[in-house]
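With mature numbering (1 follows the signal peptide of the UniProt record, and there is no 0) as the guide, the letters of the sequence shown map in order to residues -22 to -1, 1 to 355.
Presented below is the structure to which this report refers.
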Amino acid sequence: MELSVLLFLALLTGLLLLLVQRHPNSHGTLPPGPRPLPLLGNLLQMDRRGLLKSFLRFREKYGDVFTVHLGPRPVVMLCGVEAIREALVDNAEAFSGRGKIVIMDPVYQGYGMLFANGNRWKVLRRFSVTTMRDFGMGKRSVEERIQDEAQCLIEELRKSKGALVDPTFLFHSITANIICSIIFGKRFHYQDQEFLKTLNLFCQSFLLISSISSQLFELFSGFLKYFPGAHRQVYKNLQEINAYIGHSVEKHRETLDPSAPRDLIDTYLLHMEKEKSNPHSEFSHQNLIINTLSLFFAGTETTSTTLRYGFLLMLKYPHVAERVYKEIEQVVGPHRPPALDDRAKMPYTEAVIREIQRFADLLPMGVPHIVTQHTSF
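Below, the structure written as structure tokens:
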């Protein structure tokens, strides 16, 4: 009885806290939009078939720039090429801030490239892009890594001997391995237990983050964070991955040769040593751990999901697959792996890849942004 009373009081307190949210005027003058309800915002006006359909319907009534309330949170939506270009291209600096994804914030806490803002984001992005380029991105060495990984994939598929196989795990493995080769300086066997465990933690976290319970948590985290749910499992999973990254960093530190950096972690450690006397340096241990996690998040899931879409679409449209196959046979042939130099000679295959990316539309609503300064738009 006492437990039920306590739960009721906790629920009532949480609801009252959410109901006394700040008045919309405290956010400045917001664009027009549907009238929100207390606590629920515009949730009851959303199309059950998905948020995107709802936003397109609101666009017809309110124009390319409008405000919706996702629960108690006001969000300005940009629809249409011109509005998005004006914000993210013409006013790129003002709109460059990264919005929070609440379920991941306890882990990231503004560290790493993915959710950092201001100078930290600029420093980490510059370092990551430059270092990944030095260790292969955009150069022949990464092309060779991809070719080697593709050959490993082919060998794994051959082991099935024509039996049905779910390639989801393999697609995750090849994309993760290419990133691992740049970050950790090595690839992993597909049956490596640490590799399998880390991949499983990533995949489980992606599924949890995409779940309905996580979407509800995103809207009402101020109240739901005190209760069990997917958010706690996501936190546990990501912290476990961070512990693995931290262990790898320590092994790198023990074997570091300043004259011959092997990978991204070595290069970062050298930057840390170089700037250790600078109290404002962004090259901290925490930024290294979270930035490594960010690179995995940004590079693994999107690429492997695009590959799955590509294979599914080829199965659905075999005449397209046949034409792609013929072009590959004509340009590449059976005796060597495809290379980046072949791209200019394969316009149909290039067009199919672009159409797969357009059709898959992995992030139809983009990622959340915040403005870094007062902005008129």
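Where a beta carbon is used, it is the ideal one built from N, C-alpha and C, also for glycine.
Where residue i falls: helix, strand or coil (DSSP)
i: F44; result: strand
i: L18; result: coil
i: R165; result: coil
i: R13; result: coil
i: Q217; result: helix
i: F77; result: Note on residue identity: the sequence assigns Gly, not Phe, to residue 77. Coil at G77, not helix or strand.
i: K31; result: helix
i: G90; result: helix
i: G224; result: helix
i: V85; result: helix
i: L135; result: helix
i: R37; result: helix
i: P2; result: Note on P2: pLDDT 45, under 50, position unreliable in the model; the coordinate value appears next. The answer is helix: DSSP assigns P2 an H, G or I state.
i: A141; result: coil
i: L148; result: helix
i: H209; result: helix
i: Q351; result: coil
i: T153; result: helix
i: L8; result: coil
The alpha helix (DSSP H) enclosing residue i, as first and last residue numbers
i: V101; result: G96 to D112
i: M24; result: It is not in any alpha helix (DSSP H) - M24 carries neither H nor E in the DSSP assignment.
i: N69; result: Where N69 is concerned, there is no enclosing alpha helix (DSSP H), given that its DSSP letter is neither H nor E.
i: A61; result: V59 to R63
i: F173; result: Q171 to I187
i: G200; result: S199 to L202
Identity of the residues DSSP links to residue i by a beta bridge
i: P346; result: Answer is none; P346 lacks a bridge partner.
Residue range of the unbroken beta strand (DSSP E) whose run includes residue i
i: L56; result: R51 to L56
Member of the options whose CA lies at the smallest distance from the CA of residue i
i: M250; options: D144, I187, F105 and L216; result: F105
i: G207; options: I187, L92 and M324; result: I187
i: M343; options: F289, P14, L34 and F166; result: L34
i: A317; options: A329, I79, I124 and V46; result: I124
i: P50; options: M292, C130, G224 and F198; result: F198
i: F147; options: R165, C181 and I157; result: C181
i: T270; options: R37, L66, E121 and H225; result: H225
i: Y213; options: I62, D68, L242 and Y86; result: Y86
i: E196; options: K252, G77, K229 and A61; result: G77
i: T45; options: E64, L18, G11 and L21; result: G11
i: Y40; options: D25, P346, C57 and M24; result: C57
i: T109; options: K139, L29 and L273; result: L273
i: R26; options: L216, P236 and I190; result: I190
i: I161; options: D244, P84, D170 and R286; result: D244
i: I306; options: K294, D319 and Y295; result: D319
i: S262; options: A276, G28 and Y246; result: Y246
i: T280; options: A338, L290, E328 and H313; result: A338
i: I157; options: S282, S183 and L15; result: S282
i: V309; options: V298, A299, M324 and R301; result: M324
i: G19; options: P9, H47 and R37; result: H47
i: R336; options: V349, D126 and L291; result: L291
i: N178; options: V101, L285, F149 and L293; result: F149
What residue ranges within the segment 272 to 349 form continuous beta strand (DSSP E) runs of no fewer than 3 residues, ordered along the chain?
Uninterrupted beta strand (DSSP E) stretches at least 3 residues long and entirely within the segment 272 to 349 do not occur.
At 4 residues or longer, and completely inside the segment 227 to 277: list those alpha helix (DSSP H) runs for me, N to C.
If we require 4 residues or more, the alpha helix (DSSP H) runs fully inside the segment 227 to 277 come out as 242 to 252.
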